[in-house]
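Chains as they are written, first to last, in my numbering: chain A, 9 to 476; chain B, 9 to 476.
2 protein chains.
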Amino acid sequence: MELTKAGNFSEWYSKMMLEAGIVDIRYPVKGMPVYMGWGFRAMDLIFRQLEELLDRAGHDKLLFPIAIPESVFNKEAEHIKGFADEVLWVTHGGLTPLEDKLVLRPTSETAMYPMFALWIRSHGDLPIKVYQTTTVYRHETKATRPLMRGREVYWNEAHTAHATYEEAVAQVEEGINIYADLYTKLCIPFVVTKRPDHDKFPGADYTYAFDTIMPDGKTLQIGTVHNLGTNFSKPYDVKYSDAKGEMQYASQTSYGVSMRALAAVISVHGDSKGLKFPFDISPIQIVFVPIYSKGNNNEVDAQLKPIYERLSKQFRCIYDGSDRRPGDKFYRWELKGVPIRIEAGARDLSEGKVTVVDRNGTKQQVPMPDIDAQLKKIVEAYHEKLRSDAQAFFDSHIFEANSLKELLEQIDEKRGIIKAGWCGSLECADKLKGQTIAILGKERGVEKERKCVVCGRNGWEALLAKTY
Amino acid sequence: MELTKAGNFSEWYSKMMLEAGIVDIRYPVKGMPVYMGWGFRAMDLIFRQLEELLDRAGHDKLLFPIAIPESVFNKEAEHIKGFADEVLWVTHGGLTPLEDKLVLRPTSETAMYPMFALWIRSHGDLPIKVYQTTTVYRHETKATRPLMRGREVYWNEAHTAHATYEEAVAQVEEGINIYADLYTKLCIPFVVTKRPDHDKFPGADYTYAFDTIMPDGKTLQIGTVHNLGTNFSKPYDVKYSDAKGEMQYASQTSYGVSMRALAAVISVHGDSKGLKFPFDISPIQIVFVPIYSKGNNNEVDAQLKPIYERLSKQFRCIYDGSDRRPGDKFYRWELKGVPIRIEAGARDLSEGKVTVVDRNGTKQQVPMPDIDAQLKKIVEAYHEKLRSDAQAFFDSHIFEANSLKELLEQIDEKRGIIKAGWCGSLECADKLKGQTIAILGKERGVEKERKCVVCGRNGWEALLAKTY
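Below, the structure written as structure tokens:
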């Protein structure tokens, strides 16, 4: 029986990781896989897209150290409480115990903000908007899964400081817009919710989160944006003198997107043949497959290679002129998710044509002089279908429930995100948690009164789901 | 008195780090500075140049985990001996002691080769050539200096496996050629020596190293290439079945270039005004400075900005239209090392000309239609002078000594690299070490018999220096 992502997502996903060359999980530390060439290039390309968006919005790229002294880490009480159980501790250099133990950053608020305190003197130094693309560390005790949950997490984290709370609120909006742009480029549907208080970032005033729906109906959180208010600027002394010369604490935000962006691309777009990469983030964008017959390799290459060489100046291309059969080549590059294949045999070429096939299987003959112009349209159409297929799946996995019974039936039968009422109490949230159902929160821009699906009291509409 | 790098290199260097925005050393862990925006972009651009060279030579980019279990790390005896005193140990996750303690990689041989053992089955799987650009960790007890010696080192490390020792020998040559290409692009003079046995990489058969000479005459090691033979493949079981079906151990190499490449660029090219970046690695390549007078800003901008916009499509440009005086702008961008400045006032523009000034101070008026064509020549001439100035300094700091007395006089008076005889004994090397003089080794391609400068016995010519 064919292995499909709908039929057995977990097995399909593991197979993709290995066979498409994304990660190798056999590394001898749990939750720390090796990023293989193909997977790392794709992840790198995703983060370069994000970095471009952040650059354009005026963020500065830099790099902070990996280690935070215990004495510095321990300043914001909620933050410590949230992370204390899961940080990795560096305690020795050689055989010598360190005087001040070091935390491997689980996130960089506590690394960055003592330096912000040194950099900021007056309101003229604000705003500060910086980011880094790097790794963070958490001693996960839950089951790990490559690119979804691990002890080493590759991510991009942005951090900002502002003169007023209103500016921090506006910065949260900018962060949300940047991530929305990123996921639109990646053709990934998403919903943005305000996380309930019990699930916000430790130390934040509030947290907005992006979720998408995986093939098995569970949601994957693929980005978060936090308004930190003055919760960190007070203990870390991030303050400035305002226009009147009075000292004020800065208002801050932070936001991050991790390797889960790649997990989402693989899971949402892939099919039983393999991956489907959006054009801009595919390590190879166009594969050329010459169709040889009766040893006419030179003749075919002479006509097809010049096109390959011309397009290589603009795109990441590969010319697969190996001895394998065309079918084997198709199989290999489809598995790896290459979006466009250009194939041609002697007859096509003598007629001045090549065949362009996108990874959705859409096929068309294109006269050679038209390739450059047609390619743009073909890529647009490819993205359009990636996007509409993904959106159709996403939309068909959103349901409503008016009672706990309905909720439990729906979530197991139909799988996906359930709209239901919640009173806001931790007690009712815990009862849902007992059924492995999480409250994602109130959908952004949606305010709807609704009876709590657990206790029946007054409440508002929230999104609920089983989550990764 | 003006602060010059020749007069007081250490103070000049610290000033550059801070004022040009390279690193901030006030981070609260010794030897772990923050890479600031300008410095990190430049470093990133240097490593992208290197990665391009490695890609072209068929290396695959990937990323290995940061942590190596103690049980895996401890397999190659020489390697452990070399690193045991200076590795950082992760011992706890939260409050729980880890069963198998983790080493933060000081280099990645012991992380990568257990995976090589899984990836390699037959000779058809060879060669393997991979690299990663990442951080490594060493608990330095010596004085740290930003970009030169620290506890967190940003670098690019390449690792290979081959069927035969001869192929590993050839790979060492390829590694040397790649690094020579990199430093030629960066206009940095260097010498390549075979390190003496007592100073080779722990676990290597032999090590070649690149050194350049810093403004104070001390040498800085800026790259190393190791032939590991089968020293790691045996304990890590990296083997393959040969054409006859017999199991053979792979022969391996590894090579690395660190953030010291940026330290070299800053130190070798900088002057009392600030940095001088080679064009390809400068975060901003061209700064436009409009010369306003009597409020004619709009008029000047209307003519100069279109040039800025056109060149921005090809280069990293900035248009400094701020209110500051032109002299202040010049000062700022010279400090940051921007290679090309294009300036123009209303009169120049009305005559259809702009002034192009390179960071060496070479100035010329260029008619607007000729800018694109002239720019290429101007950048070439700029690099030519960077290169020849650096080479002249380098060449004038190489001396000869025929006795220990001569050696000690030369090294303190003239400063630089001394050619002198060495018998090859550790005893004589230790005597030199007592004078803080290191033996860099035999210069690559130079075999010359010479009496040992310490003991007078027969020996061969080696390069000696005080080193960073």
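Backbone N, C-alpha and C fix where the C-beta goes; we use that ideal spot for every residue, glycine too.
As the structure is a computational prediction, the values presented were derived from the model and not from experiment.
Nearest-angstrom beta carbon gap, residue j and residue i [assumed within contact, 8 Å]
{"i": "Val365 of chain A", "j": "Gln382 of chain A", "result": "That pair is no contact at about 13 Å."}
{"i": "Pro334 of chain A", "j": "Gln293 of chain A", "result": "Contact flag wrong, Cβ pair sits at about 20 Å."}
{"i": "Val461 of chain B", "j": "Ala409 of chain B", "result": "6 Å"}
{"i": "Asp250 of chain A", "j": "His147 of chain A", "result": "Going by Cβ atoms, the distance from Asp250 of chain A to His147 of chain A rounds to 42 Å, so no, they are not a contact pair."}
{"i": "Asp133 of chain B", "j": "Tyr248 of chain B", "result": "6 Å"}
{"i": "Leu126 of chain A", "j": "Ile74 of chain A", "result": "The Cβ separation is near 19 Å, so there is no contact."}
{"i": "Gly429 of chain B", "j": "Arg452 of chain B", "result": "No, Gly429 of chain B and Arg452 of chain B are not in contact; Cβ-Cβ is about 18 Å, not under 8 Å."}
{"i": "Met51 of chain A", "j": "Pro154 of chain A", "result": "That belief does not hold up - the Cβ atoms of Met51 of chain A and Pro154 of chain A are roughly 11 Å apart, past 8 Å."}
{"i": "Met222 of chain B", "j": "Phe17 of chain B", "result": "7 Å"}
{"i": "Gly345 of chain A", "j": "Ser411 of chain A", "result": "In fact, because the Cβ distance is near 42 Å, the residues do not count as touching under 8 Å."}
Three-state secondary structure assigned by DSSP to residue i
{"i": "Met259 of chain B", "result": "At residue 259 of chain B the sequence reads Ser, which differs from the Met that was named. Of the three classes helix, strand and coil, the one that applies to Ser259 of chain B here is strand, per DSSP."}
{"i": "Ser266 of chain A", "result": "strand"}
{"i": "Tyr173 of chain B", "result": "helix"}
{"i": "Val200 of chain B", "result": "strand"}
{"i": "Ile30 of chain A", "result": "coil"}
{"i": "Asn235 of chain A", "result": "strand"}
{"i": "His405 of chain A", "result": "coil"}
{"i": "Ser275 of chain B", "result": "helix"}
{"i": "Thr289 of chain B", "result": "Correcting the residue identity first, residue 289 of chain B is Ile in this sequence and not Thr. Three-state DSSP puts Ile289 of chain B in a helix."}
{"i": "Ala398 of chain B", "result": "helix"}
{"i": "Lys247 of chain B", "result": "strand"}
{"i": "Lys38 of chain A", "result": "coil"}
{"i": "Thr192 of chain B", "result": "helix"}
{"i": "Leu228 of chain B", "result": "strand"}
{"i": "Tyr476 of chain B", "result": "coil"}
{"i": "Phe8 of chain A", "result": "Summary: the structure shown does not reach residue 8 of chain A, with chain A confined to residues 9 through 476, and so no result is reported for it."}
{"i": "Ala212 of chain A", "result": "coil"}
{"i": "Ala14 of chain A", "result": "coil"}
{"i": "Glu254 of chain B", "result": "coil"}
{"i": "Gly282 of chain A", "result": "strand"}
{"i": "Tyr21 of chain A", "result": "helix"}
{"i": "Lys242 of chain A", "result": "coil"}
{"i": "Gln422 of chain A", "result": "The sequence shown places Lys at residue 422 of chain A, not Gln. Reduced to three states, the DSSP call for Lys422 of chain A is coil."}
Heavy atom of the ligand ZN within 8 Å of residue i beta-carbon
{"i": "Ala75 of chain A", "result": "Looking for the ligand ZN in the displayed structure turns up nothing, as the structure carries no ligands at all."}
| said: Please identify, using Cβ separations under 8 Å, the residues of the segment 383–410 of chain B that lie next to chain A, in order along the chain. | reply: none
In chain order, each beta strand (DSSP E) run of at least 3 residues that lies wholly inside the segment 125–163 of chain B: 136–145
message = For the pair the segment 136–154 of chain B and the segment 65–76 of chain B, tell me if three or more CB-CB distances fall below 8 Å.
response = yes
Exercise. Flag this pair as touching only if the segment 91–103 of chain B and the segment 321–330 of chain B have three or more C-beta atom pairs under 8 Å; answer yes or no.
Key: no
At least 3 beta-carbon pairs within less than 8 Å: the segment 113–124 of chain A vs the segment 266–277 of chain A: no
**Study point:** Complete runs of the alpha helix (DSSP H) confined to the segment 309–389 of chain B [at least 4 residues]
**Key:** 334–343, 354–358
Query raised in the report: Quick one, which residues of the segment 70–102 of chain B are near chain A if we go by CB-CB under 7 Å, in chain order?
Result: Leu70, Leu71, Phe72, Pro73, Ile74, Ala75, Pro77, Val80, Ala92, Asp93, Glu94, Val95, Leu96, Trp97, Val98, Thr99, His100, Gly101, Gly102
*Contact between the segment 193–201 of chain B and the segment 220–231 of chain B (3+ Cβ pairs under 8 Å)*: yes
Can you confirm whether the segment 155–162 of chain A touches the segment 171–183 of chain A when touching is taken to mean that 3 or more C-beta pairs between the two stretches lie within less than 8 Å? no
_Chain-ordered residues of the segment 39–56 of chain A with a beta carbon less than 7 Å from chain B_ = Met40, Val42, Tyr43, Met44, Gly45, Phe48, Arg49
> Could you give the uninterrupted runs of the beta strand (DSSP E) lying entirely in the segment 59–137 of chain A, keeping only those of 3 residues or more?
Replying inline: 75–77, 96–101, 104–112
Against chain A: residues of the segment 99–129 of chain B by CB proximity under 9 Å
Thr99, His100, Gly101, Gly102, Leu103, Thr104, Leu106, Asp108, Lys109, Leu110, Leu112, Ala119, Met120, Pro122, Met123, Leu126, Trp127
Checklist entry - Does the segment 167–176 of chain B come close enough to the segment 257–268 of chain B that 3 or more CB-CB pairs lie under 8 Å? => result yes
Practice item. With 7 Å as the C-beta to C-beta threshold (strictly closer), list the residues of the segment 141–157 of chain B near chain A in chain order. Key: Thr143, His147
Name, going along the chain, the residues of the segment 22–39 of chain B whose beta-carbon falls closer than 7 Å to a beta-carbon of chain A. Asp32, Arg34, Tyr35, Pro36, Val37
Please give the ranges of any beta strand (DSSP E) in the segment 429–463 of chain B, keeping only runs that are unbroken, at least 3 residues long and fully inside the region.
446–451
* Spell out a yes or no on whether the segment 209–217 of chain B and the segment 51–63 of chain B are touching, meaning 3 or more CB-CB pairs, one atom from each, closer than 8 Å. => no
Notebook entry, point to check: Is the segment 68–87 of chain A touching the segment 78–86 of chain B, taking contact as three or more C-beta pairs under 8 Å?
Noted result: Flag = no, the segment 68–87 of chain A and the segment 78–86 of chain B do not touch.
*Residues of the segment 160–174 of chain B with a CB closer than 9 Å to any CB of chain A: list them in chain order, please.*
Glu160, Tyr162
task: May I ask you to verify whether the segment 335–342 of chain A touches the segment 302–312 of chain A, counting CB pairs closer than 8 Å and requiring at least 3?
output: no
Exercise for review: Determine which residues of the segment 185–209 of chain A have a Cβ less than 9 Å from any Cβ of chain B, and write them out in chain order.
Suggested key: none
Name, going along the chain, the residues of the segment 300–313 of chain A whose beta-carbon falls closer than 7 Å to a beta-carbon of chain B. none
Can you list, in chain order, the residues of the segment 278–296 of chain B whose Cβ is nearer than 9 Å to any Cβ on chain A?
none
Item to complete: Quick one: which residues of the segment 419–450 of chain A get their C-beta closer than 9 Å to a C-beta of chain B? List them in chain order.
Response: Only those residues of the segment 419–450 of chain A whose C-beta falls short of 9 Å from the nearest C-beta of chain B would be listed, and there are none.
| Taking three-plus beta-carbon pairs below 8 Å as touching, is the segment 411–420 of chain A in contact with the segment 384–403 of chain A? | no
- request: Pull out every residue of the segment 319–336 of chain B whose Cβ sits closer than 9 Å to any Cβ of chain A, in chain order.
  value: none
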